[in-house]
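Residues in the sequence shown are numbered consecutively from 66, following this note's numbering.
For every residue, glycine included, the Cβ atom is placed at its ideal position computed from N, Cα and C.
Just so you know, these numbers come straight off a predicted model, no measurement behind them.
Reviewing the structure listed below.
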Amino acid sequence: FSDFNKFRQSSCGIQFFCSCEVPSGWRIQGILGFVEELVVNDDPEYQWIEKIRTPRASNEARQRLFSKLSGTLQRKLGVKVMELGGNAVLGYFQNFDLEGESGIVVRGIGTAVA
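See below:
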């Protein structure tokens, strides 16, 4: 047995709210600050296998990547919030930038609160 927790990088329990207002039924104990994260990955549209894939398979590969990157971004942002002692992100905003051959960039910003 190893002393390794594979869920150490988990941000389970962190709530993400797109609204800048405090949701009804919630109360802010403290504003911990601005949090941001950036994730970069290769765009499947520019891989060599793209030449032999059908358009549908290409779109599905790209959509799967968008979903994976979105989850990775939220997980990394959630870990930052946990390190600050928070349990939620207000005003969460996520942006995808298609940079052509250099890849896909996903940015996430928000305010960490407890």
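Once the 5 residues before and after residue i are set aside, which same chain residues still bring their CB inside 7 Å of it?
i      : result
Gly150 : Leu97 and Ala179
Asp108 : Leu163, Gly168 and Ile169
Phe161 : Phe131, Ile169 and Val171
My guess is that residue i and residue j are in contact by the Cβ rule of under 8 Å, so how many angstroms apart are they, rounded?
i      : j      : result
Glu86  : Gly173 : About 19 Å separates the two Cβ atoms, so there is no contact after all.
Ser135 : Gln159 : 7 Å
Asn106 : Gly168 : 6 Å
Lys171 : Val104 : Sequence inspection shows Val at residue 171; the Lys mentioned does not correspond to that position. That pair is a contact at about 5 Å.
Thr176 : Phe81  : Their Cβ separation, rounded to whole angstroms, is 11 Å, which puts Thr176 and Phe81 out of contact at 8 Å.
Which residues in the same chain have their Cβ closer than 6 Å to the Cβ of residue i, if we skip the five residues on either side of it in sequence?
i      : result
Ile93  : Val87 and Val178
Arg140 : Ser76
Leu138 : Glu102, Val104, Val171 and Gly173
As a quick exercise: from the options, pick the residue whose alpha carbon is nearest that of residue i.
i     : options                           : result
Ile79 : Val171, Leu142, Val170 and Ala122 : Leu142
According to DSSP, simplified to helix, strand and coil, what is residue i?
i      : result
Gln159 : strand
Phe82  : coil
Could you confirm whether any beta carbon from chain C is found closer than 7 Å to the beta carbon of residue i?
i      : result
Gly168 : Looking at the structure shown, chain C is missing, and only one protein chain is on hand.
* Asked: Would you say the segment 144 to 161 touches the segment 121 to 130, given that touching needs at least three Cβ pairs under 8 Å?
  -> No contact exists between the segment 144 to 161 and the segment 121 to 130.
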